[in-house]
Structures are given as C-alpha cells and as structure tokens.
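Quick notes on the structure that follows.
In our numbering, the protein residues as written are 8 to 145.
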C-alpha cells in the first residue's frame, strides 16, 4: 500500500440513498461538488463508486475545492445517510498542456512500443508512467 501524504488527501462528504427495490442502485451525491452524482449496484461498492465520481468531477474542474466538515454535511443532509470519502487529489491536474521534450531515439522507440502494446497514446503512456513514479516517491 502506498502511503499518501495527508495534505494530498481530501475527505469529501457524500449522501447515500438506499434503493427502494432490487432493480435500483444505491444513489450517491457529493454535496460539495454540484452536479456530482454516482450509483453503486452493491452496498460494498458505495465508497469506491463515490470516489470514482468525485475524482472524475474534480478532474473536469481541474481543481480541488475545499470539502465541508462532516458535521456541516450532516446538518445539511435532511436526514440522508452521510459518509466521508477519502480522495487522493495528487493527480487532479487541470487541462492538458502541450510540451516539447528531448529524449534519446532508442528510448523513444521503447516508449512507443510499450504505449502501442498497452493501447495508449505516447502522451498517455508518459503521463501514466510519471504518475506511477511520483506515487512511489511521495
């Protein structure tokens, strides 16, 4: 398990709505992020699905708004079940930016081959490799 620095984590409150019948999913809302909703088919997937929805929303925003406290979220919950979700905000990066780098030709061939093998673009491969390296150094 990777140890993530506390300042790179945010705890966002979520509201959870229980399904009325077996054909419905658990409803998830992140009140600090207007328009951020999710759903989980299984109760045990609520946190993971909430985290996924929050990360997707934050990535689209390109920023990490401050989360309200649990007590504030409960007060505003109108009786809904309220939970906190730990979210790793290290990779909320904002919009893409074109860069120019210099790299050895042989290494570039290896990068391109691995990117092709893993069905990624060169940019995706380099960004994902950088994220992985950063995650191991925090």
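For glycine and all other residues, C-beta sits at the position ideal for the given N, C-alpha and C.
Bear in mind that the values here come from a model prediction, so they are computed numbers and not experimental data.
Asked                                                                                                                                                                      : Found
Can you tell me whether residue 9 is buried or exposed? The criterion is at least 16 other CB atoms within 10 Å of its CB, across all chains shown.                        : For residue 9, the predicted structure reports a pLDDT of 49, less than 50, and the residue's modelled location is therefore unreliable. The matter cannot be settled from this model.
Considering only the beta carbon of each residue, do residue 129 and residue 118 sit closer than 8 Å?                                                                      : yes
Quickly, what does DSSP pair residue 20 with across the bridge? List them, please.                                                                                         : 91
Pick out whichever of 99, 97, 78 and 98 has its Cα sitting closest to the Cα of residue 90.                                                                                : 78
Measuring CB atoms only, is the stretch 67-77 touching the stretch 13-30, in the sense that at least three cross pairs come out at less than 8 Å?                          : yes
Return the chain-ordered list of same chain residues with a C-beta closer than 6 Å to the C-beta of residue 110, the five sequence neighbours on each side being excluded. : none
So, using beta-carbon positions, are residue 65 and residue 99 closer together than 8 Å?                                                                                   : yes
List the endpoints of the continuous alpha helix (DSSP H) containing residue 112.                                                                                          : 112-124
Is the beta carbon of residue 71 less than 8 Å from the beta carbon of residue 22?                                                                                         : no
Nearest to residue 93 by alpha carbon, out of 61, 81, 30 and 42?                                                                                                           : 61
My output table needs one value for residue 127: the three-state DSSP class, helix, strand or coil.                                                                        : coil
My parser needs the alpha helix (DSSP H) runs of 4 or more residues fully inside the stretch 39-95; what are they?                                                         : 53-68 and 77-82
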